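> Residue 244 in the numbering used here sits at position 241 of the sequence shown, with consecutive numbering throughout. Even for Gly, the Cβ is constructed at its ideal location relative to N, Cα and C. It should be emphasised that the depicted structure is a prediction, and the values quoted were computed from it without experimental measurement.
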Amino acid sequence: MSLSKIISGAESARDEVTELCSRLVQFNSAHPEGRTDECVEFIRGYMDEHGIMNEVHSRNPLKPNIVAKIPGASDRKVLWLGHLDVVPEGKPESWTYPPYSGKVTDNRFIYGRGTSDMKGACAAAMVAARILSGLGELPNSVEFWFTADEEIGGGDGARWLAETRRFQADVCVIGDGNGGGLDYPSIDLGCKGGAATRLIARGKTAHGSTPFLGDNAITKLIRAIPWVEKIGDLRLELPPELEEPIKSSVEFMMGTLTLSDEQKEAMRRIFHYPTVACNIISGGVKRNVVPDYAEAEFDIRLTPGSKPLRVKERIEELVREADIPGIEVSVRAGETAGYYESPDTPFAHQLAETIEKATGRMPVFKILTGGTDAISIKHYTGIPCLGYGTSMTGQAHQPDEHNAVENLVLGVKVYAAFPLIYRG
Ligand SMILES: [Zn+2]
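#1: Hey, out of 44, 154, 27, 132, whose CA is closest to residue 107's CA?
#2: Please tell me whether residue 89 and residue 123 are closer than 9 Å, where the distance is taken between their beta carbons.
#3: Are any of the Cβ atoms in chain D nearer than 9 Å to that of residue 71?
#4: Please look up how many angstroms separate the CB atoms of residue 222 and residue 292, rounded, as I've assumed it's under 8 Å.
#5: When you compare only the Cα positions, how much space is there between residue 182 and residue 410?
#6: What does DSSP give as the partner residue(s) for residue 342 in the beta ladder?
#7: Counting along the chain, where does the beta strand (DSSP E) carrying residue 199 start and finish?
#8: Under a criterion of Cβ closer than 6 Å to any non-hydrogen atom of ligand 1, which residues qualify, in chain order?
#9: Out of 270, 264, 239, state which residue places its alpha-carbon closest to the alpha-carbon of residue 254.
#10: In the DSSP output, which residue or residues are listed as bridge partners for residue 299?
#11: To the nearest angstrom, how far is it from the Cα of residue 155 to the Cα of residue 91?
#12: For the candidate residues 276, 198, 213, whose alpha-carbon lies nearest to that of residue 236?
#13: Please report how far the alpha carbon of residue 259 lies from the alpha carbon of residue 396, in whole angstroms.
#14: With 16 other CB atoms within 10 Å as the buried threshold, where does residue 286 fall?
#15: Under a three-way DSSP split, which group does residue 327 fall into?
#16: Do you know offhand how far residue 15's Cα is from residue 9's?
#17: May I ask which residues mark the beginning and end of the alpha helix (DSSP H) holding residue 370?
#18: Which residues mark the beginning and the end of the alpha helix (DSSP H) in which residue 269 is found?
#19: For residue 121, count neighbouring C-beta atoms within 10 Å of its own C-beta (all shown protein chains included) and say buried if the count is 16 or more, exposed if not.
#20: Whose C-alpha, out of 76, 157, 20, 200, is nearest the C-alpha of residue 131?
#21: With 16 other CB atoms within 10 Å as the buried threshold, where does residue 426 fall?
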């Protein structure tokens, strides 16, 4: 039957998926340019070669998106979504192999920017499309989308595609993230969202030699920062159905990362409390001028299902309690943060069933700490999104980023099998 064909087809596509990943890595699609044109051209060539219907959708000609479409018998449709853009490579000297080499070692690992996040998963999806297109009529239609701009918010990629209603489907599998390979198979139910916060300090300028005649905005900003950081002690109210996935998420991270005791403690709190990071600070013009302006920006992350407006209120209250004149805070928060799907839906059960068939283990449900394109898909189209990624733990955005060929083969199995198993 078709499922066993998929499993054996994926296993014999080891070299093909390795080669495709390596080739995708060699097209530099790093931001700030974030060009996806070469990757898209390469994918178009592959789909054409295998007689798979495809379309390029672009708002920015340097950042095209491409979809491969395989028709099915029912009017149900499954989407798969991945991104082709990558983050910059950072310092070239921190890489063992050049970052865009796509170097394959021992026939087991592929090195280079994007191997884990997420050209490896894109390569797996390409092979999945090829396998599915050779099976005859499928029970459901499938579309594999390869997009631009995920790393900078999806502007010319998934966000634009969602906003313009190019995504129409019953369910969407997000290929981003870490599906735990063979050892810790998992499904991402959703991801955290943010409450971007800016703290502004205003004072009075003076000559640097008579600072007491001025009012130093930087000094005030530094005093105010710890007050915003106190938001990290606010316990979030969360929906009870997330308690189990939160437990698995923490266990997943503890089991796959090497952490100090202090880091473990922070990891145990990561979903029940906001995380706070003051990541940008600016102010001052000259060493001999007392600054009259300074600002700090915070990345505050909240678990889906929590109440961002309550967090916003509390931050404003904390800054008032600090009682430092000339300090203002602005918090960008909406009704919801991030998104999540209930673990108890046919979609979740059937994706779990697929992963169990591919790995031999029942996957756990977890929540991602970072955001994905699913947030804009949910926002604009409401299509339910679950994640199963092929990345290796701790590799995304790192120097020496690499991925295991084994993970990609698993990706081929899951991405090709799910459209057969999905029954709504
Ligand atoms: Zn990614």
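Reading from the atomic positions:
#1: 27
#2: no
#3: Going by chain labels, chain D is absent from the structure shown, which holds only one protein chain.
#4: That pair is no contact at about 14 Å.
#5: 9 Å
#6: 194
#7: 199-205
#8: 86, 120, 121, 153, 179
#9: 270
#10: 202, 284
#11: 12 Å
#12: 276
#13: 7 Å
#14: buried
#15: coil
#16: 10 Å
#17: Careful: residue 370 lies outside any alpha helix (DSSP H), inside the beta strand (DSSP E) at 367-371.
#18: 264-272
#19: buried
#20: 20
#21: exposed
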